[in-house]
Amino acid sequence: MEKIDKLDRKILEIISQNARIPFKDVAEVCNVSRAAIHQRVQKMIEMKVIVGSGYHVNPRVLGFNTCTYIGVKLERGSMYKDVVPEFEKIPEIVECHFTTGPYTMLIKMYARDNEHFMELLNGQIQEIPGVISTETLISLRQSIKKEIPVSAIF
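If you use this note's numbering, the sequence shown corresponds to residues 909 to 1062, in order.
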């Protein structure tokens, strides 16, 4: 695997703060050509250093006012591979992690309100074969949301 050099780190730092910044602006800051930026970004995509880009949607503006984290206990940990596809069918589930500790899995989910949340929890999540219990934490406010700082990992 190729290494990430100082220029790559600088590019990552810039584009991770603003994915919509034009390559010409990144090139100007880095004092290289736009083609060089394009090639470096493409290389980092191929290396899977960069795994996505896009817009972040504000769930509250779309009417999803309840954000929850749900600890899920499974009958057996090996059932994880069967439960994940079921969670993927529920559009309100935005994250799913296989975890250590008291839960087999931890999911993050958005709902319009508490009633909608109860429908999802009782009518869908708890009905999935292998799910034996759930524990819910409701997020009252998100205080921090960011990517891992590029400068800290190199």
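Ideal placement from N, C-alpha and C gives every residue a C-beta, glycine not left out.
Please read all numbers here as calculations on a predicted model, not as lab measurements.
Of the listed residues Ala935, Leu1048, Ile1033, nearest to Ser1041 (C-alpha basis):
Taking only the C-alpha atoms, the option nearest Ser1041 is Ile1033.
Tyr963 to Ile998, Cα distance in whole Å?
21 Å
In chain order, what are the residue ranges of uninterrupted alpha helix (DSSP H) at least 4 long that sit wholly in the region 973-1020?
With a minimum length of 4 residues, the continuous alpha helix (DSSP H) runs that stay inside the region 973-1020 are 988-996.
Please tell me whether Met952 and Ile1001 are closer than 9 Å, where the distance is taken between their beta carbons.
no
According to DSSP, is Val1039 part of a helix, a strand, or is it coil?
strand
How do the region 937-944 and the region 988-997 stand: do at least 3 beta-carbon pairs fall below 8 Å, yes or no?
no
Is the beta carbon of Val1039 closer than 9 Å to that of Ser924?
no
On the CB-based measure, 16 or more other CB atoms within 10 Å of its CB, does Asp916 come out buried or exposed?
buried
Which of the three DSSP states, helix, strand or coil, is assigned to Val1046?
The amino acid occupying residue 1046 in the given sequence is Ile; Val does not appear at that position. If DSSP states are grouped into helix, strand and coil, Ile1046 belongs with the strands.
If I follow the unbroken alpha helix (DSSP H) through Asn1022, where does it start and stop?
1022-1031
For His946, the three-state DSSP class (helix, strand or coil)
Of the three classes helix, strand and coil, the one that applies to His946 here is helix, per DSSP.
Grouping DSSP H, G and I as helix and E and B as strand, with all else coil, what is Ile1052?
coil
For the alpha helix (DSSP H) that contains Arg917, what are its first and last residues?
914-925
Contact set for Leu982: own chain, Cβ-Cβ below 8 Å, skip 5 residues either direction:
Tyr988, Val991, Thr1012, Met1013, Gly1038, Val1039, Ile1040
Quick one: residues in its chain with C-beta nearer than 7 Å to the C-beta of Ile922, no 5 flanking neighbours on either side, listed in chain order?
Counting only Cβ-Cβ distances below 7 Å, and skipping sequence neighbours, we find Ile929, Val934, Val937.
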